[in-house]
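Below is one structure, written out as structure tokens, with a few remarks after it.
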Ligand SMILES: [Zn+2]
Ligand SMILES: [Zn+2]
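In the numbering used here, the protein residues as written are 16 to 376.
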């Protein structure tokens, strides 16, 4: 079965490469700088597969078994645009015009026969590629967990990451709603881990597809009732209920409660480091309590990038932006620590009093 699938995949890659990528690269005069056309084809097919699974599996599930019932999906439109832009434009561009040439320059990538990273340190791994993949994945996911905690704790990083959290309608499209400076910073950190450990570029593509799919699903507005299978599943992998708790709107009564569930694919790090929260007494609304950040909901793709990058600049250029702790932003994009001016659940209170439209359970 696996052999059959891999043969089909090879055929699709070759056909895409010969009929689309090579002719397009020749027309654009990029044949030299693009690298291996089969890798480009593989990335395009992976993006198409991901888009198909989101649109044709996860999206219908949101209608069938929704966690939150919405009157309309107005706030999800911008997230869908972010996903389309990322999968069809920015990801391939970034991979093949920035990441790949840098990897080749550093001696990595497909042109290199050199054994490096973990395989060089522990030769046993050279004969056990699946074990290597598992170890690499564990390190990758653990690095992601700590990076994600920093995104919440360091004000200049939160300035950007808060854009991902500002959505009031969390859906299968929400994963790609993020600031691009933040995205680049994260890619550099995670790709460096890959380079140090000696992961091949083709393995990296599959690795990111797997994590991306788990993340798309963990943002989906679905409530699957799978009994003990579901309970076991969410102990092993991050699922929609687990990640929804991470996105919960700050509870004015318990302002620290949303500081939980930072895991990307494996919830094990949260279990290990004491940040896992599995059950809330009721379904929580998602979003942020800071009105300056919540204003993202009335913005489009470009405007959201602009405002979150201004927040980042406002924070990274001042002392308060480097002091760990929860912050809100003033109208000049400067961070104000909650310890100085508490802003615990302002938006929650405005929404409760009916002053702001919000999804209802
Ligand atoms: Zn987060
Ligand atoms: Zn998220």
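Where is the CB? At the ideal position from N, CA and C, for every residue including glycine.
My understanding is that residue i touches residue j, with C-beta atoms under 8 Å, so please give their C-beta distance in whole angstroms.
{"i": "residue 213", "j": "residue 330", "result": "Actually they are not in contact, since the Cβ atoms of residue 213 and residue 330 sit about 36 Å apart, beyond 8 Å."}
{"i": "residue 233", "j": "residue 258", "result": "4 Å"}
{"i": "residue 183", "j": "residue 90", "result": "5 Å"}
{"i": "residue 293", "j": "residue 325", "result": "37 Å between Cβ atoms; not a contact."}
{"i": "residue 178", "j": "residue 319", "result": "6 Å"}
{"i": "residue 311", "j": "residue 181", "result": "4 Å"}
{"i": "residue 227", "j": "residue 65", "result": "6 Å"}
{"i": "residue 264", "j": "residue 304", "result": "7 Å"}
{"i": "residue 82", "j": "residue 60", "result": "The pair is not a contact, with the Cβ atoms about 31 Å apart (cut-off 8 Å)."}
{"i": "residue 52", "j": "residue 37", "result": "5 Å"}
{"i": "residue 276", "j": "residue 291", "result": "6 Å"}
{"i": "residue 153", "j": "residue 133", "result": "With 8 Å as the limit, residue 153 and residue 133 do not qualify as a contact, their Cβ atoms being about 12 Å apart."}
{"i": "residue 62", "j": "residue 103", "result": "7 Å"}
{"i": "residue 197", "j": "residue 176", "result": "6 Å"}
{"i": "residue 171", "j": "residue 327", "result": "6 Å"}
Residue i bridges to which residues according to DSSP?
{"i": "residue 263", "result": "301"}
{"i": "residue 167", "result": "Bridge partners of residue 167: none, in fact."}
{"i": "residue 81", "result": "237"}
{"i": "residue 352", "result": "342"}
Pick from the options: whose alpha carbon is nearest that of residue i?
{"i": "residue 342", "options": "133, 308, 96, 332", "result": "308"}
{"i": "residue 235", "options": "189, 248, 263, 293", "result": "189"}
{"i": "residue 334", "options": "351, 164, 196", "result": "351"}
{"i": "residue 159", "options": "289, 285, 274, 181", "result": "285"}
{"i": "residue 195", "options": "97, 51, 74, 26", "result": "97"}
{"i": "residue 95", "options": "339, 173, 315", "result": "315"}
{"i": "residue 337", "options": "295, 312, 167", "result": "167"}
{"i": "residue 279", "options": "223, 175, 44", "result": "223"}
{"i": "residue 78", "options": "237, 132, 63", "result": "237"}
{"i": "residue 241", "options": "270, 157, 80", "result": "80"}
{"i": "residue 204", "options": "229, 163, 174", "result": "163"}
{"i": "residue 208", "options": "215, 276, 155", "result": "155"}
{"i": "residue 230", "options": "169, 211, 187", "result": "187"}
{"i": "residue 210", "options": "76, 332, 151, 40", "result": "151"}
{"i": "residue 385", "options": "354, 68, 174", "result": "Limits of the chain in this structure are 16 at one end and 376 at the other, which puts residue 385 out of reach."}
{"i": "residue 287", "options": "301, 251, 306", "result": "251"}
{"i": "residue 200", "options": "173, 225, 74, 63", "result": "173"}
{"i": "residue 35", "options": "21, 24, 25, 55", "result": "55"}
{"i": "residue 157", "options": "301, 248, 245, 283", "result": "283"}
{"i": "residue 346", "options": "317, 321, 306, 313", "result": "306"}
{"i": "residue 225", "options": "247, 30, 149", "result": "149"}
{"i": "residue 289", "options": "301, 302, 256, 272", "result": "272"}
{"i": "residue 262", "options": "313, 300, 139", "result": "300"}
{"i": "residue 340", "options": "169, 244, 206", "result": "169"}
{"i": "residue 281", "options": "247, 268, 302, 295", "result": "247"}
{"i": "residue 295", "options": "302, 313, 256, 317", "result": "256"}
{"i": "residue 302", "options": "76, 260, 138", "result": "260"}
Where do the N-terminal and C-terminal ends of the alpha helix (DSSP H) with residue i fall, by residue?
{"i": "residue 277", "result": "Here residue 277 belongs to no alpha helix (DSSP H), and DSSP marks it neither H nor E."}
{"i": "residue 250", "result": "242 to 251"}
{"i": "residue 287", "result": "283 to 288"}
With a threshold of 7 Å (Cβ to nearest heavy atom), would residue i be considered close to ligand 4?
{"i": "residue 234", "result": "In the structure on display, ligand 4 does not appear, and the ligands it does have are ligand 1 and ligand 2."}
Which whole runs of the beta strand (DSSP E) in the stretch 299 to 350 are 3 residues long or more, in chain order?
342 to 344
I'd like the ranges of any beta strand (DSSP E) spanning at least 3 consecutive residues and lying wholly in the stretch 20 to 95.
none
Just to confirm the assignment: which complete alpha helix (DSSP H) runs, minimum length 4, are found wholly within the stretch 131 to 215?
133 to 136, 144 to 168, 170 to 180, 195 to 212
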